[in-house]
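Asks:
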Amino acid sequence: ARLIPIQITIAKNHLKSMDKFFNNWEMWTKKLTDHKIEIETTFLWITEDKRTRDKVPKKKRYTRQGEKLINPEYTEVFITVEDVNNEIGMALESVRSK
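Here is the structure:
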């Protein structure tokens, strides 16, 4: 299964919403993993001016209660508003340049 959460922001400073998204990951994906369905995740950011693609490794935390998944391995992709809609991207650029 391919899962693509999307975050849209033009704020220069913003919280990384992946952390909140992955908080309940194991609960959300249990039915898929119980049926041996692999999940490929791409976290897609639509931003004002950043274009990158990075693999993020799986991260776990170990506590007295046991192992807790912080996030699975996923790909983080940034594209611009202009990539999605050229007209809106150009309008945003015009407003920012004033």
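Everything in the sequence shown is counted per our numbering, starting at 55 for the first residue and increasing by one.
Think of the CB as a built atom: it goes at the ideal place given N, C-alpha and C, for glycine as much as any other residue.
#1: Count the CB pairs spanning the region 71–80 and the region 110–128 that are closer than 8 angstroms, and state whether there are at least three.
#2: Going by beta-carbon coordinates alone, are residue 60 and residue 100 separated by less than 8 angstroms?
#3: So, for residue 110: in the same chain, excluding its five sequence neighbours on each side, which residues have a beta-carbon less than 6 angstroms away from its beta-carbon?
#4: Taking the alpha-carbon positions, what's the residue 137 to residue 148 distance?
#5: Can you grab the Cα-Cα spacing for the pair residue 104 / residue 76, in whole Å?
#6: Rounded to the nearest angstrom, how far is the Cβ of residue 57 from that of residue 95, given a contact under 8 angstroms?
#7: Given this structure, state the Cα-to-Cα distance separating residue 143 from residue 64, to the nearest angstrom.
#8: Quick check: what's the CA-CA separation for residue 55 versus residue 67?
Replies: Answer, in terms of the structure:
#1: Taking one beta carbon from each stretch, the region 71–80 and the region 110–128 have 3 or more pairs nearer than 8 angstroms; the two touch.
#2: A contact, by the Cβ cut-off of 8 angstroms.
#3: Excluding the 5 residues flanking it on each side, residue 110 has same chain C-beta neighbours closer than 6 angstroms at 128, 130, in chain order.
#4: Roughly 16 angstroms between the two C-alpha positions.
#5: Roughly 23 angstroms between the two C-alpha positions.
#6: Yes, residue 57 and residue 95 are in contact; Cβ-Cβ is about 5 angstroms, under 8 angstroms.
#7: Looking at the two C-alpha atoms, the distance is approximately 11 angstroms.
#8: Rounded to the nearest whole angstrom, the C-alpha separation of residue 55 and residue 67 is 32 angstroms.
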